[in-house]
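Numbering (our numbering), first residue to last: 457 to 603.
Glycine included, every Cβ here is placed at the ideal spot set by N, Cα and C.
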Amino acid sequence: FHRSHKSLLYSNRMIYSPGCPIIRRDDGTLLEKPFLVDFFTSPAPNAGAIWRNQPQEGEKIVEVLYNRGAKLLSLATYHGCDALVLGAWGCGVFRNEPSIVAQMFADLLLPQGQFAGRFKKVLFSVLDSTKEERIFREFQSRFLESA
């Protein structure tokens, strides 16, 4: 599908994978008893490639992030998920601006947001290999105080 559509914003299509077994701990050792989680797969826009190859699409990135983020959270709500682990969606190789991605999730999840209070727990797993921890700090500044 994606190869036939040339936009680097990619599509709003999502994959819901319910009941996937988790068999290992973070350190790679096997769990005594596996547990099940649901996974949602959704592409972030490829901002770096957009600005290089399709700059006319660049102004759509923020709107796509907000719409796709709301759709992802709607899907999680629909399927009865009460806890989420989210990431810094597209802030690595895809070069989405961390401040925009963090603010999008804050606008949707924090008080006054469309999904405020819908989930018992929301965690962010943020991989940040930058020396300044810029990606991590954007999420920390919006969510640590509200924890």
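Three-state secondary structure assigned by DSSP to residue i
| i | result |
| --- | --- |
| serine 597 | helix |
| alanine 500 | coil |
| tyrosine 472 | strand |
| aspartate 482 | coil |
| phenylalanine 495 | strand |
| proline 477 | strand |
| proline 567 | coil |
| lysine 489 | strand |
| arginine 551 | coil |
| glycine 514 | helix |
Contact set for residue i: own chain, Cβ-Cβ below 6 Å, skip 5 residues either direction
| i | result |
| --- | --- |
| asparagine 502 | Leu464, Phe550 |
| leucine 579 | Val541 |
| aspartate 450 | What is shown of the chain runs 457 to 603, which leaves residue 450 out entirely. |
| tryptophan 545 | Ala500, Val557 |
CB-CB length for residue i against residue j, believed under 8 Å
| i | j | result |
| --- | --- | --- |
| phenylalanine 575 | cysteine 547 | Actually they do not touch by this definition, with Cβ atoms about 21 Å apart. |
| leucine 486 | isoleucine 478 | Not confirmed; about 11 Å, so no contact. |
| methionine 560 | tyrosine 522 | 5 Å |
| arginine 590 | proline 554 | 6 Å |
| phenylalanine 595 | alanine 539 | Not quite, the Cβ-Cβ distance comes to about 17 Å (not below 8 Å), so this is no contact. |
| leucine 564 | alanine 526 | 6 Å |
Cβ neighbours of residue i in the same chain (closer than 7 Å, five flanking residues each side left out)
| i | result |
| --- | --- |
| valine 518 | Ile556 |
| serine 498 | Met470, Arg524, Leu528 |
| leucine 531 | Met470, Tyr472, Phe496 |
| glutamine 570 | Ala526, Leu564 |
Assigned exposure category for residue i - 16 Cβ within 10 Å defines buried
| i | result |
| --- | --- |
| glycine 573 | exposed |
| proline 567 | exposed |
| glutamate 588 | exposed |
| phenylalanine 491 | exposed |
| valine 493 | exposed |
Identity of the residues DSSP links to residue i by a beta bridge
| i | result |
| --- | --- |
| glycine 543 | Ser581 |
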